[in-house]
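Input: a single structure, listed below in structure tokens.
Numbering (mature numbering (1 follows the signal peptide of the UniProt record, and there is no 0)), first residue to last: -20 to -1, 1 to 762.
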């Protein structure tokens, strides 16, 4: 007899074969991301972000403006007149990371952060207040969701790049300006001799800054490359950069990283565009290819279309879109748009089978967005809509970004530890690993060892049910039974195996739990594997008639003394946020649990001076307190260590000295990244010392375990647990860390052993197994 897990890949293979014949219209790219909305910066005196919804057919309809709380501005030309319609002389005056929008306010030297509603992409909400930028005339912004870092380029009298962290609470303070000496004014005189754009590399490990030269005075532009560094788990952009002037370039402007490469497709207003190759070791950029655009006024903006796998560039002085090759920067096609009356085009964005290009107008013509259909592939672009922005934006408008979602799927991969989706676009969830090990061993506790479980880097696949192993580029289906085929083709020579997918951040936490937790039952990779594999195996046994490649393993949720039960409750989030259907609301469970900017500062802000309670303690407790203080230090330390083993109530007793509670606080294993110097400096200031701070309260709050949501709602009263419910104000990432830590501490090898197994498989299953044997060679892992 063989389990259903063995023949699931065969069914998946058949499904994949069937889906290879699309039912969509000819030429339509069914794998392309669907756009939800486009976003434009109004850049008026009272600045705002215009959100315009995208319909099912790719066309636009009336949008909404949300104010940024800052002011826009306009550069000037050589005659000192407003430089419209290229008001900010840049690309990416606003950008998107996750469901957050970041927008520059050139007139108030600030940066704003807005959150996009998951239910309505045109509904934006300011997050916190705009933060001050140390430079003048900020005109471009880039954000890394993976690192929680946003960077702003300024091109006025104080020119350069500055960065800050961001979280669900908003923006942190900007760091010091990385100066770029342009000798400019505020507002700047452009378009030459100014910052053009800041952008992150595809893996978000480097920040690129494009700077225009001025050929009239023999001033060559350059690209600045700075590494993203990590210290104590917190990411920051290096203060040191490498600057290079790629051969043949002069006025570098808009740029986009070519997907899957270390190359950047960059426009150059002096001739057309170039492909730049950035060396990840030296950070030097060299010219890999150049392409001239005939008849250009100034080719300045670019967007790469996933549907055509080519670049489209625009010119503020020519109302046309030029398509260029990503291989050699040659011109592929040109689409003349003079029929719609726009004077020229600036920023643009691609999503799915469509391209969206902004024309701010010239004061006489209205601002408008031209929508192009590129579903026919390279060379097929055609205009399907010319959407005027009357009453929404004017000739100062800048920027163009699109928020995309994958078409609805009822099946997707989730992390086997935390239950949250793997590869969620634009976030820490894209950093994925896969564990591979034996499946359904006969004697789990004796047969599996650490060596049998291997770790593989991975990335999301175009198929939402699959992952791609790196560097082999091999597609696998997590939580699915495989068979390692040996030299013989006899069934007895086939060893069952399984892959499970995890967030790299969850693996990081699992390793820390196994090494440092006072309570954990899992101490080795073997223990972790026997927990995750057994959970998947039991689920598969009980769902023989539902052949799926994705599921969220049910985990034990009964309390001691209660009948054994499994479910999703002890993932400690509302089930709607992890169920494999529908759209999931954002919450703290989607925040990075490892890299938490400013954690020490935000956490220690909760530490308050202790109130004098000596007159309120019962006599017996006063006596206990005196006896405790007389104990040898070794016994005190031993007692402190025991405080981590049980669950402490929130109510403070104040019978143990605060200095001991301080020790307990610093020994909390999931506080490994605290900045001890910063905390010491705060708690040593003034007349207060360790005995005067309420370390007991904050220690009890931090160690409070998460609770099962009291009702299946997201947000609102009685919804998901958070540290706010114990009086602690902390970043969402720290709440998520505490949740995952608890999940890991509650694991133990084969913890679903009491889950009833399914009945033995029928002969029909054996038939499926034979089919699997005949079709499975392409799925072999070795």
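We put the CB at the ideal spot given by N, CA and C, even for glycine.
Cβ neighbour criterion (16 or more within 10 Å) applied to residue i
i	result
residue 308	exposed
residue 197	exposed
residue 610	exposed
residue 164	buried
residue 652	exposed
residue 640	buried
residue 365	buried
residue 447	buried
residue 110	buried
residue 24	buried
residue 280	buried
Rounded C-alpha distance that separates residue i from residue j
i	j	result
residue 69	residue 213	36 angstroms
residue 92	residue 21	11 angstroms
residue 145	residue 431	39 angstroms
residue 483	residue 539	28 angstroms
residue 301	residue 294	5 angstroms
residue 246	residue 234	6 angstroms
residue 676	residue 715	19 angstroms
residue 586	residue 708	6 angstroms
residue 451	residue 437	8 angstroms
residue 131	residue 340	25 angstroms
residue 579	residue 711	7 angstroms
residue 6	residue 355	Its pLDDT being 32, under 50, residue 6 is placed unreliably in this model, and the value from its coordinates should be taken loosely. The straight-line gap from Cα to Cα measures roughly 9 angstroms.
residue 495	residue 649	9 angstroms
residue 589	residue 674	5 angstroms
residue 684	residue 632	13 angstroms
residue 277	residue 249	8 angstroms
Residue span of the alpha helix (DSSP H) that contains residue i, given as start and end
i	result
residue 491	484 to 496
residue 138	Counting along the chain, residue 138 falls outside any alpha helix (DSSP H), and DSSP gives it neither H nor E.
residue 518	505 to 521
residue 583	579 to 584
residue 436	Premise fails: residue 436 lies in the beta strand (DSSP E), 434 to 440, not in any alpha helix (DSSP H).
residue 602	599 to 609
Start and end residues, beta strand (DSSP E) containing residue i
i	result
residue 366	362 to 368
residue 243	243 to 248
residue 217	214 to 217
residue 329	328 to 331
residue 316	311 to 316
residue 209	202 to 211
residue 255	252 to 258
residue 568	Element bounds for residue 568: n/a, residue is neither H nor E.
residue 642	Careful: residue 642 lies outside any beta strand (DSSP E), inside the alpha helix (DSSP H) at 638 to 646.
residue 339	334 to 339
residue 303	298 to 304
Beta-carbon proximity of residue i to residue j, cut-off 8 angstroms
i	j	result
residue 32	residue 43	yes
residue 148	residue 721	no
residue 152	residue 573	no
residue 167	residue 136	yes
residue 228	residue 254	yes
residue 222	residue 263	yes
residue 477	residue 519	no
residue 72	residue 120	yes
residue 104	residue 76	no
residue 325	residue 299	yes
residue 203	residue 157	no
residue 268	residue 328	no
residue 207	residue 224	no
residue 717	residue 489	yes
residue 126	residue 318	no
residue 306	residue 291	yes
Three-state secondary structure assigned by DSSP to residue i
i	result
residue 91	strand
residue 712	helix
residue 705	helix
residue 679	helix
residue 661	helix
residue 75	strand
residue 502	coil
residue 16	strand
residue 470	Caution applies to residue 470, whose pLDDT of 47 falls short of 50 and renders its modelled position unreliable; the value that the coordinates give is listed next. Looking at residue 470 - three-state DSSP - the assignment turns out to be coil, as it is neither helix nor strand.
residue 41	coil
residue 386	Legend: pLDDT at residue 386 = 40, less than 50; position of this residue unreliable, no value from coordinates given.
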